[in-house]
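Asker:
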Amino acid sequence: MADETRIRMITGGPILVEGPVEITLDDGRVIRSDRFMVALCACKRSRTYPICDTSHRPKHRRGES
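Residue numbers for the sequence shown follow the working numbering, so the first one is 1 and each next one is one higher.
(1) Rounded to the nearest angstrom, how far is the Cβ of Ala39 from that of Leu25, given a contact under 8 Å?
(2) Suppose you measure from the CA of Arg47 to the CA of Glu4; what does that come to, to the nearest Å?
(3) Whole angstroms are fine: how far does the CA of Gly13 sit from the CA of Arg57?
(4) Where does Cys43 land, buried or exposed, given buried means 16+ other C-beta within 10 angstroms?
(5) Can you pull the DSSP bridge partners for Glu22?
(6) Throw me the rounded Cβ distance for the Ser33 and Pro50 pair, which I believe falls under 8 Å.
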């Protein structure tokens, strides 16, 4: 099955989809990506939703441990 699409769920992180992908949004807009791996936002904090921008990661200031 060479044409299988692999999807990987990351706990607390994005959903990784092997690309290229075409994503149809609720409003009918289509987002296309020809990257080999596309990270989809699962937390809805991304400024580039539905594409993940790592907003789910905790923010640490310099000097904090």
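Cβ coordinates follow ideal geometry from the N, Cα and C atoms, glycine included.
The structure presented is a predicted model; accordingly, all values stated were derived computationally and were not measured.
Answerer: The answer reads as follows:
(1) Translated into the one-based positions of the sequence shown, residue 39 becomes position 39. Translated into the one-based positions of the sequence shown, residue 25 becomes position 25. Wrong, their Cβ atoms sit about 16 Å apart, outside the cutoff.
(2) What you label residue 47 is simply residue 47 of the sequence shown in a count that begins at 1. What you label residue 4 is simply residue 4 of the sequence shown in a count that begins at 1. Computed Cα separation, rounded: 30 Å.
(3) Residue 57 sits at position 57 when you count from the first residue of the sequence shown. Residue 13 sits at position 13 when you count from the first residue of the sequence shown. Between Arg57 and Gly13, the C-alpha separation is close to 8 Å.
(4) In the sequence shown, counting from the first residue as 1, residue 43 sits at position 43. Cys43 comes out exposed.
(5) Looking up residue 22 in the sequence shown gives position 22. The partner list for Glu22 (beta bridge, DSSP) reads Arg32.
(6) Start at 1 with the first residue of the sequence shown, and residue 33 comes out as number 33. Start at 1 with the first residue of the sequence shown, and residue 50 comes out as number 50. No, Ser33 and Pro50 are not in contact; Cβ-Cβ is about 10 Å, not under 8 Å.
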